[in-house]
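Have a look at the structure below before the remarks.
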Amino acid sequence: DGGITQSPKYLFRKEGQNVTLSCEQNLNHDAMYWYRQDPGQGLRLIYYSQIVNDFQKGDIAEGYSVSREKKESFPLTVTSAQKNPTAFYLCASSIGQSLNQPQHFGDGTRLSIL
Amino acid sequence: KNQVEQSPQSLIILEGKNCTLQCNYTVSPFSNLRWYKQDTGRGPVSLTIMTFSENTKSNGRYTATLDADTKQSSLHITASQLSDSASYICVVSLQTGANNLFFGTGTRLTVIP
Numbered sequence: 007d008g009g010i011t012q013s014p015k016y017l018f019r020k021e022g023q024n025v026t027l028s029c030e031q032n033l034n035h036d037a038m039y040w041y042r043q044d045p046g047q048g049l050r051l052i053y054y055s056q057i058v059n060d061f062q063k064g065d066i067a068e069g070y071s072v073s074r075e076k077k078e079s080f081p082l083t084v085t086s087a088q089k090n091p092t093a094f095y096l097c098a099s100s101i102g103q104s105l106n107q108p109q110h111f112g113d114g115t116r117l118s119i120l
Numbered sequence: 009k010n011q012v013e014q015s016p017q018s019l020i021i022l023e024g025k026n027c028t029l030q031c032n033y034t035v036s037p038f039s040n041l042r043w044y045k046q047d048t049g050r051g052p053v054s055l056t057i058m059t060f061s062e063n064t065k066s067n068g069r070y071t072a073t074l075d076a077d078t079k080q081s082s083l084h085i086t087a088s089q090l091s092d093s094a095s096y097i098c099v100v101s102l103q104t105g106a107n108n109l110f111f112g113t114g115t116r117l118t119v120i121p
């Protein structure tokens, strides 16, 4: 079955540590996205990539970094500069390069601080 | 300011009953509106997507309506089931711009037996 796989499901970060969240898709979609979801708030865009080797900052990119070396993969690194990283992180992909395209989501990674 | 507001914030209904969730938006110029269902601890799953010219779309027991003049949408759930318990998120997109999706905060629906 085609879909988006996020791993791990749960992740814990120590102070001063960088952690990387994995996102892999086998849908052959061009565009991929990372969102952060906090209780009582709408999803907020962290980074997006419309094509391999290219990515753009979203609304809340500070303290995060990404790479897009392969079409299938779009890992997100939460750096120590992100002072409030506890949240539910969602990866998505869409068939076209426009953000107007319907997005398919993974099942998320819940990140917590130790 | 482009915003999407959903109501109610939460809702509890008896199994078998119908319910309607609301989404009001100020996003302009409007491109399309989507409803997603998000189960607890899972990613959102698309239910419907409507463009400016569409005023109703169904997906099984889910029916979405759109009034582009008043900038309102509703999601009607018929004969609710326990599995309908989830958050329902309204997402509106602009016609142009690189970062053009606006997410509502969702309505948390609980269906009880």
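Residue numbers (our numbering), protein chains in the order written: chain A, 7 to 120; chain B, 9 to 121.
We put the CB at the ideal spot given by N, CA and C, even for glycine.
Predicted model, so just to flag it, every value in this text is computed and none were measured.
Here R116(B) is near Q17(B), since their CB atoms are less than 9 Å apart. One finds G46, Q47 and G48 in chain A with Cβ atoms closer than 9 Å to the Cβ of T113(B), taken in chain order. Within a 10 Å sphere around the beta-carbon of A37(A) sit 16 or more other beta-carbons, which makes this residue buried. Sorting A87(B), N40(B), Q14(B) and L74(B) by C-alpha distance to the C-alpha of G24(B) places A87(B) at the top. Identification of residues in the region 86-97 of chain A having a C-beta nearer than 9 Å to some C-beta of chain B yields F94, L96 and C97, given in sequence order.
Residue range A37 to Q43 is occupied by the beta strand (DSSP E) that includes A37(A). Around G114(A), the beta-carbon contacts reaching into chain B at under 8 Å are G49, R50 and G51. Classified as exposed, N24(A) has fewer than 16 neighbouring CB atoms from the shown chains inside 10 Å of its CB.
Restricting attention to P37(B), I20(B) and S15(B), the CA atom closest to the CA of L109(B) is found in P37(B).
Residue-level contact by beta carbon holds for I97(B) and chain A, with a gap shorter than 9 Å. In terms of Cβ geometry, Y39(A) and G64(A) form a close pair [threshold 9 Å]. Cβ atoms of L41(B) and L74(B) come within 8 Å of each other, at about 6 Å. Of the candidates S82(B), S93(B) and T34(B), S82(B) places its Cα closest to the Cα of K65(B). DSSP lists Q31(A) as the beta-bridge partner residues of I10(A). Taking C-beta separations shorter than 8 Å and ignoring five residues to either side along the sequence, the partners of Q88(A) in its chain run E68, G69 and Y70, following chain order. Between I120(B) and the set Q11(B), N10(B) and N26(B), the nearest pair of CA atoms involves N26(B). When only Cα atoms are considered, F60(B) and Q80(B) end up about 12 Å apart.
Shortest Cα-Cα distance from Q31(A) to any of R19(A), R42(A) and P81(A) involves P81(A). Linking V84(A) to G102(A) through their CA atoms gives a straight-line distance of about 26 Å. Rounded to the nearest whole angstrom, the CA to CA distance from S101(B) to T34(B) is 11 Å.
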